[in-house]
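Okay, so here's the structure we're looking at.
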Amino acid sequence: MTTATEFIRDAWKGETLEALKEFIRIPSKSQSFDSNWEANGYLRAALEQAAAWGAKRFPAGTFDIISKPGIAPALFIDLPATGGHDGRPFFLYGHLDKQPETEGWREGFGPWTPVVEGDRLYGRGAADDGYSFYAGLTAVQALEAEGTPHPRIVGLFETAEESGSVGLVEYLEDITARAGNPCVLAILDLGLCDYDRLWLTRSLRGVGGFKLKVEVLEQPVHSGTASGKVPSSFAVMRQLLDRLEDPATGRVKIPEFHVEIPEGILEEIRSCAKILGEKVLDFPWAGSTEPRSSDPATAIRMNTWEPTLSILGADGLPPTSSASGLIRASTTLALSFRIPAGADPKAALAAAERAVTENVPSKARVTVFDSFAEPGFVAPDLAPWLLKAADEASREFWGNGLEFCFEGATIGTMKNFAACFPEASFFNAGLLGAKESAHAPNESLLLPYVERLTATLARVIAAVPHAGK
1 MTTATEFIRD AWKGETLEAL KEFIRIPSKS QSFDSNWEAN GYLRAALEQA AAWGAKRFPA
61 GTFDIISKPG IAPALFIDLP ATGGHDGRPF FLYGHLDKQP ETEGWREGFG PWTPVVEGDR
121 LYGRGAADDG YSFYAGLTAV QALEAEGTPH PRIVGLFETA EESGSVGLVE YLEDITARAG
181 NPCVLAILDL GLCDYDRLWL TRSLRGVGGF KLKVEVLEQP VHSGTASGKV PSSFAVMRQL
241 LDRLEDPATG RVKIPEFHVE IPEGILEEIR SCAKILGEKV LDFPWAGSTE PRSSDPATAI
301 RMNTWEPTLS ILGADGLPPT SSASGLIRAS TTLALSFRIP AGADPKAALA AAERAVTENV
361 PSKARVTVFD SFAEPGFVAP DLAPWLLKAA DEASREFWGN GLEFCFEGAT IGTMKNFAAC
421 FPEASFFNAG LLGAKESAHA PNESLLLPYV ERLTATLARV IAAVPHAGK
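This note's numbering numbers the first residue of the sequence shown as 1 and each following residue consecutively.
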C-alpha cells in the first residue's frame, strides 16, 4: 500500500506539479490590475481548471463556483468524510488571483511561463498562493490512497485577495451554513522565517492610511520671484510628517497606534529571534545601510508589534530630469501605517489626521482623503490536539519542532473568518519568504518545502478528533 508521504512525494514530482504549472499559465490577474476581468474571464478560468482537477480526483465531492454581480468569483469545495470519520470539518482557504506581471524576470522566465530550475518552480502565483488548492487536495487524496480515514473537507478559494478580498465577506456568509462547524481553518497564504521547520503565524498587523495634500499656491510660480516669500509645500509636508513619526528612529509618535505587547507574545518573539539570529536582517541592503536595530528580537518586535509609517507614493514632484525653477503649488503623499494587533485602527487614523490638519504651518491648505483602516489579528491558541499533531509533523518532516512567527503585513479578512467560525483553530501556514519574491519578478515556490507542508496537512487532517473526543 502506498503511504501518504510516498503519494505526496510522487504527486509533487508528477500530477500536482503539472496542475500548478497549468495554473501559472493562466494570467488571472486580480481585478485591481485587470479592469476587464469579467470580459477576459481569466479569474473564472483559474477556478474552472481547479474545479475540474479536483472533481476528477474526488468524484463524490462538490466543486461549486459561486459568483455575484461585480464581484470576482470563488470556489467552494466539499469533500465527504471517509472511513466513518465523524469529526468536525476541516476548512481550507487560499486564493487563485495573482499580482501583475512586473518587469525584471530572468531571461527565459516569465510570469505566465512555468519553469522548474533546481528545486524551485518559477511563475506568478505559484507561491502566492496557487499552491494552496493543489497542496490541500493532494493531502486529502494521499490519505485516501493510504486508507486513512479523514473528516469532511470544506474550503473556499477566492479570486480577489490581491485586491483586498472584495466580496469575500459576502461569500463567507453564504457558505457558513454549508461549511458546518469546522475545527480548523487552514489559511495557507502566510509566511515563514526559514525552511527548517513548520512555521505558523501567530499575529498580523493591521493597516491604515490616507493621502495627504499640502497646497500653498493655486498654480506654480517662478522660484526666483517667489522663493523666500512663499513657503514650500514640501517644507510644510516635512513638518507635518515629523508630527507623525520620529525621522531618526522611525517611531510613530501618535499614542493611539501603540499597544502593550502581551508577555506571552514577547516570549515567542524571543524564541523566534533565538532561532533566526542575523537571518532576521537578511535584506538586499544598499551600500552600508544599517537596520533600525541589529538585535533580532527587537527587529522582529518593531516589524510585527509596533506601528510604522511608510510613504507609498507622491504627486506634484516632477522627475529630476525635467524639474524646473518653480515653487510648486502642492505636494501630495500616500501614507500607510502598519498598526499592531489590539490597536483600534480607526481611532489611530483619526488621531493621525488631527495631527496633520490642526495648526498647520504657514496656514497652508491641507486635505486628507482616501482614508482606509483594517485591524490586526491575533490567532487564538491552538487546540491541544492540533498543537500536538502540527509539532509532531514538523519533527517528522523537518527534524525540528513547530515554531510561531509574526507577520508585519495584514490580512483584513481574518476577523471575518473568526466571526463566521468562532470555534475553529487557525492553522496559519504558508511558504512566503524573501526568496519567494511574491509580487516581484521571479516569484518561485520551493518544492521540497511545499512537499513537506502538504505532508503536514495530511497528518493534521488525519488527527482531527472523532465526535465526542
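Heads up, the beta-carbon is just placed ideally off N, CA and C, and yes, glycines get one too.
Since the structure is predicted, the reported quantities are computational estimates derived from the model, not experimental observations.
Thinking residue i and residue j are a contact (beta carbons under 8 Å), I'd like their distance in whole angstroms, please.
i, j, result
"A314", "L333", "5 Å"
"A180", "D129", "Here residue 180 is Gly; the residue named in the question, Ala, does not match the sequence. About 24 Å; that fails the 8 Å criterion."
"F210", "V378", "With a Cβ gap of about 25 Å, F210 and V378 do not count as contacting."
"G376", "S203", "7 Å"
"K98", "G136", "At roughly 18 Å, the Cβ-Cβ gap does not stay under 8 Å, so K98 and G136 are not in contact."
"R365", "V207", "No, R365 and V207 are not in contact; Cβ-Cβ is about 27 Å, not under 8 Å."
"F63", "A45", "So it is not a contact: roughly 14 Å between Cβ atoms."
If we count the other Cβ atoms within 10 Å of its Cβ and call it buried at 16 or more, is residue i buried or exposed?
i, result
"K469", "exposed"
"I254", "buried"
"S132", "buried"
"Q31", "buried"
"I300", "buried"
"T249", "exposed"
"T456", "buried"
"T289", "exposed"
"M1", "exposed"
"W53", "buried"
"E358", "exposed"
"S35", "exposed"
"D78", "buried"
"G104", "exposed"
With a threshold of 7 Å on Cβ separation, who are the neighbours of residue i within its own chain once the five nearest residues in sequence on each side are excluded?
i, result
"L479", "Within the shown structure, residues of the chain are numbered from 1 to 469, placing residue 479 beyond reach of any answer."
"D86", "H466, A467"
"L43", "S28, W37, A72, P73, D97, T159"
"P9", "Position check: residue 9 holds Arg in this sequence, whereas Pro was assumed. Correct list, in chain order: E451."
"P182", "R88, P89, F90, F91, V154, F421, A424"
"D370", "F210, K211"
"A347", "E256"
Between the options, which lies nearest to residue i when the distance is taken from Cα to Cα?
i, options, result
"F427", "A135, V115, M302, L200", "L200"
"R106", "V450, E443, T456", "E443"
"N400", "R197, P307, S67", "R197"
"K435", "Y195, S233, E407, A39", "Y195"
"M486", "P262, L188, A455", "Examination of residue 486 is not possible in this model, given that the chain is present from 1 through 469 alone."
"G155", "R178, E161, G167, S165", "R178"
"P448", "L168, K21, D119", "D119"
"P361", "W12, G147, F58, P231", "P231"
"E146", "D344, E358, T82, L317", "T82"
"R57", "E6, T138, R205", "T138"
"S163", "S425, I411, L453", "I411"
"Q239", "G110, A455, R328, L212", "L212"
"E403", "E267, G224, R338, Q219", "E267"
"S394", "R270, L453, P100, L47", "L453"
"P247", "G264, I311, G206", "I311"
"L386", "V184, A235, S223, R328", "V184"
"W305", "S321, S293, F63, I269", "I269"
"G277", "S293, E48, I265", "S293"
"A39", "W12, E290, I65, P69", "P69"
"A186", "T225, G433, S437, F417", "F417"
"L326", "N359, T225, A51", "T225"
"P307", "E396, A341, I265, L172", "A341"
"A33", "P80, A51, E48, E161", "Inspection of the sequence shows that residue 33 is occupied by Phe rather than by Ala. It is E161 whose Cα lies nearest to the Cα of F33."
"K363", "G167, V214, W12", "V214"
"P345", "S165, A297, E173, A373", "A373"
"Q141", "G41, W285, W12, P111", "W12"
Please return the same chain residues whose Cβ sits closer than 8 Å to the Cβ of residue i, not counting the five positions on each side in sequence.
i, result
"L244", "V252, K253, I254, L309, L335, A352, A355, V356"
"C405", "G191, L192, C193, W199, L200, T201, R202, C272"
"H439", "Q99, T102, D128"
I'd like the list of long-range same chain contacts for residue i, defined as Cβ closer than 6 Å, with 5 residues on each side in sequence excluded.
i, result
"F157", "L75, G94, L96, F133"
"D295", "none"
"G316", "R328, S330, T331, T332"
Secondary structure, alpha helix (DSSP H): runs of 4+ residues fully inside the region 157–236: 168–179, 223–226
Give the list of continuous alpha helix (DSSP H) stretches no shorter than 4 residues that lie fully inside the region 85–156. 131–146
Counting only runs that start and end within the region 30–63, where is the alpha helix (DSSP H) found for 4 or more residues in a row? 37–40, 42–57
Could you tell me which whole beta strand (DSSP E) segments of length 3 or greater appear in the region 337–412? 365–374, 403–407
Write down every uninterrupted run of the beta strand (DSSP E) in the region 432–468 whose length is 3 residues or greater and which is fully enclosed by it, in chain order. 444–446
Only counting runs of 3 or more residues, tell me where the beta strand (DSSP E) segments fall wholly within the region 245–324, in order along the chain. 308–315
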